[in-house]
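Numbered by mature numbering (1 follows the signal peptide of the UniProt record, and there is no 0), the letters in the sequence shown go through residues -28 to -1, 1 to 410 in order.
All C-beta atoms in this analysis are idealised placements derived from N, C-alpha and C, irrespective of residue type, glycine included.
Just so you know, these numbers come straight off a predicted model, no measurement behind them.
What follows is a set of notes on a single structure, which appears directly below.
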Amino acid sequence: MARNRVLAAAGIALLTLAAGLITTSATGAPGASGAPGASATTEGCGKAPALTSGTRTITSSGKSRTYILSIPDGYDRNRPHRVVFGFHWLSGTANDVATGQTVQRDVWSYYGLKRLAGSSTIFVAPQGFNNGWANNGGEDITLVDDIVRQLDAGLCVDTTQRFATGFSYGGAMSYSVACSRPTVFRAVAVIAGGVLSGCAGGTQPIAYLGIHGLRDSVLNISGGRSMRDRFVRNNGCAAQNPPEPSQGSLTHRGTTYTGCRDGYPVRWVAFDEGHIAAPQDNAPGDSGTRTWAPEETWRFFTQFAGTGPDPTSTTTTTTTTTTTTTTPGEPQPGACRVSATVNAWGNGLTAELAITNTGTTQVQGWSLEFALPAGQVITSGWNASYAPSSGRVTARDAGYNAAIPPGGKVSIGYQVTHGGDAAPPSGFSLNGAACTMG
């Protein structure tokens, strides 16, 4: 990708200079996100949306700034939505983030997260001064504050479900958000970042995902490890040296830290490549369709399900545990409902399945069977294990989401390739009992 070369020798000098000019502010933050899992809504809920998708102008720190807003097609004024900020890299733009055009248009929109989100998420791509995030005097953090306030006033937002991610300079800005706004944002995903946008505060816990290349010659992985370790300490995790892939393997390896304070995990993913944002296994360079990074980020973000009515909020982990079904937990016949949301492009799609227990007893341990249309093959999934990858598929709970109380809902999802049939799955049954659709 062309932008990877922008941050070569001259880019390093610019970033280093920027880092030396930063003085960020830890004050003036919007309302706190609240305790983990405690859903909170905004004044925009229940009202006609006061904002529309597109490039928006806002005055922040006395200056005119812009950001791109993407409101989902299925926006529901009565349902609090997740919000994801995507920060661009040095010499990148908000439009690059919003379109994904530097890797693969649409497929890599918002770092590949938009295609996974369905109607659950509002996306924001702010534009930095001089196509960077120098954050002079904390002005870029103030911009984030002002955008958050505008979204809260005009849209229905779950204030416990705000997230930030970015690559390179965008990763640095996400790290700055983690340091200075840990009670406003629930989690960050820092991709190949550095301490370039400041770290005001930096003493409170926030859920932290770090992704970094072993052979990064622009922002060395040693810096990424140090950034990660700040939140290993803040989050009360047990210190360790997580295993990383060997150089030349063109693979990635992820570790979820143990002992962390409840609700504040730290995950580290190292990959064998350089300064790139969409790494793939077994091949060099970026790939919109083959990169594993969006699924890593999406699983990390969606594990923080609030208690509000967001039907697509999920709880996830990268460890899959199969739980056997017990008789007391079996649903009554017809006591389940499944809705399917499909986002298709070219020869691929993602599907999100919301499983609702419509019975009067708790389901404890579940398997969901369904039929994929001919030609569809599952390539990855989240919140469940899937087997086989085509035909009649069984999705089994991941342990942490084994319980579905009466009226409760669990969301799972997967990505497939297909030969032209992008239809949703059909013929659902939960623990052997047929489910209704809708």
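Residue i to residue j span [Cα, whole Å]
i           : j      : result
Ala406      : Gln252 : 38 angstroms
Asn319      : Ala367 : 22 angstroms
Asp369      : Ser357 : 7 angstroms
Thr292      : Trp270 : Low confidence applies to Thr292: its pLDDT is 31, below 50, so where it sits in the model is not reliable, and the reading given next is rough at best. Taking the straight line from one Cα to the other gives about 16 angstroms.
residue 419 : Trp264 : Outside the shown range of the chain, which is -28 to 410, sits residue 419, and nothing can be said about it.
residue 411 : Cys171 : Because the chain here runs from -28 to 410, residue 411 falls outside it and cannot be looked at.
Ser362      : Leu321 : 14 angstroms
Asp68       : Pro237 : 30 angstroms
Thr13       : Leu41  : 19 angstroms
Asp48       : Asn102 : 36 angstroms
Ala395      : Ala323 : 10 angstroms
Gln212      : Tyr229 : 8 angstroms
Thr408      : Ile178 : 39 angstroms
Asp393      : Thr175 : 50 angstroms
Val71       : Pro98  : Correcting the residue identity first, residue 71 is Thr in this sequence and not Val. Spanning the two alpha carbons is a distance of roughly 13 angstroms.
Asn355      : Tyr372 : 9 angstroms
residue 428 : Gly257 : The chain is shown from -28 up to 410; residue 428 falls before or after that span and cannot be answered.
His53       : Gly90  : 11 angstroms
Val116      : Thr31  : 12 angstroms
Ile376      : Gly231 : 26 angstroms
Asp201      : Arg262 : 29 angstroms
Residues that DSSP places opposite residue i in a beta bridge
i      : result
Val69  : The partner list for Val69 (beta bridge, DSSP) is empty, contrary to what the question assumes.
Val204 : None, per the DSSP bridge assignment.
Asn192 : The partner list for Asn192 (beta bridge, DSSP) is empty, contrary to what the question assumes.
Gly310 : For the sequence presented, residue 310 should be read as Val rather than Gly. DSSP, once it has assigned bridges, lists Ile327 and Met409 as partnering Val310.
His224 : Phe243
Trp317 : Gly320
Thr29  : Thr38
Tyr180 : Val160 and Val238
Gly185 : Phe243
Gln387 : Thr322 and Ser352
Pro251 : Asp258
Thr366 : Glu341 and Ala359
His60  : None, per the DSSP bridge assignment.
Lys381 : Thr328
Ala375 : Gln336
Leu402 : Leu340 and Ala405
Pro79  : Reading off the sequence shown, one finds Val at residue 79, where the question assumed Pro. Partner(s): none; Val79 has no beta bridge.
Arg54  : Thr93
Neighbourhood of residue i by C-beta distance below 7 angstroms, restricted to the same chain and skipping five residues each side
i      : result
Trp317 : Asp78, Val79 and Arg87
Ala374 : Thr295, Gln336, Gly337 and Trp338
Ser259 : Ala250 and Gln252
Gly410 : Arg309 and Ser311
Lys19  : Arg49
Gly6   : Reliability of the predicted coordinates at Gly6 is poor, the pLDDT of 49 falling under 50, and the value obtained from them is presented with this limitation in mind. Counting only Cβ-Cβ distances below 7 angstroms, and skipping sequence neighbours, we find Ala12, Thr131 and Thr132.
Arg233 : Pro177, Asn207 and Gly208
Pro214 : Thr227 and Trp240
Chain C contact for residue i (CB, 8 angstroms cutoff)
i      : result
Gly226 : As a matter of chain content, chain C is missing from the structure shown, which is built from one protein chain.
6 angstroms Cβ shell around residue i - same chain, five flanking residues per side excluded
i      : result
Asn326 : Residue 326 is actually Ala in this sequence, not Asn. Answer for Ala326: Pro283, Ser311, Lys381 and Ser383, listed in chain order.
Glu216 : Arg225 and Ala242
Thr297 : Residue placement at Thr297 is poorly supported in this model, since its pLDDT is 34, which falls under 50; the coordinates still yield a value, given next. Cβ within range, chain order: Gly337 and Asn403.
Cys17  : Cys128
Glu111 : Ser33
Gln76  : Gly260
Gly391 : Gly347
Glu267 : Ser352
Ile147 : First, the amino acid is wrong: residue 147 is Tyr here, not Ile. Once the five neighbours on either side are set aside, the close Cβ partners of Tyr147 are Val162, Gly165 and Met199.
Neighbourhood of residue i by C-beta distance below 8 angstroms, restricted to the same chain and skipping five residues each side
i      : result
Val365 : Glu341, Phe342, Ala343, Leu344, Ile350, Tyr358, Ala359 and Pro397
His247 : Asn(-25), Leu(-22), Ser140, Ala164, Gly185, Asp188, Ser189, Val190 and Leu191
Gly353 : Ala367, Ile384, Gly385, Tyr386 and Gln387
Val96  : Tyr39, Ile40, Leu41, Ser42, Val55, Val56, Phe57, Gly58, Ile119 and Leu123
Asn254 : Leu222 and Thr223
Gly26  : Ile40 and Leu41
Thr29  : Ser36, Arg37 and Thr38
Gly220 : Asp244
Beta-carbon spacing of residue i, residue j below 8 angstroms
i           : j      : result
Val314      : Gln348 : no
Ser169      : Met199 : no
Thr137      : Tyr83  : yes
Cys308      : Thr333 : no
Thr155      : Ser33  : no
Ala159      : Phe135 : yes
Arg196      : Gly182 : Rather than Arg, the amino acid found at residue 196 in this sequence is Gly. Their beta carbons are under 8 angstroms apart, which means Gly196 touches Gly182 by this criterion.
Leu23       : Gly126 : yes
Pro2        : Arg121 : yes
residue 425 : Trp61  : This structure leaves residue 425 out entirely; the chain is present only between -28 and 410.
Tyr180      : Phe157 : no
Contact test: residue i Cβ vs the ligand ATP heavy atom, cutoff 7 angstroms
i     : result
Thr74 : Ligands in the displayed structure: none, and consequently the ligand ATP is not present.
Tell me the start and end of each unbroken alpha helix (DSSP H) in the stretch 90 to 173 that is at least 4 residues and wholly inside, in chain order.
Listed in chain order, they are 111 to 126 and 141 to 152.
In chain order, which beta strand (DSSP E) runs of at least 3 residues are fully inside the stretch 333 to 364?
339 to 343, 349 to 354 and 356 to 359
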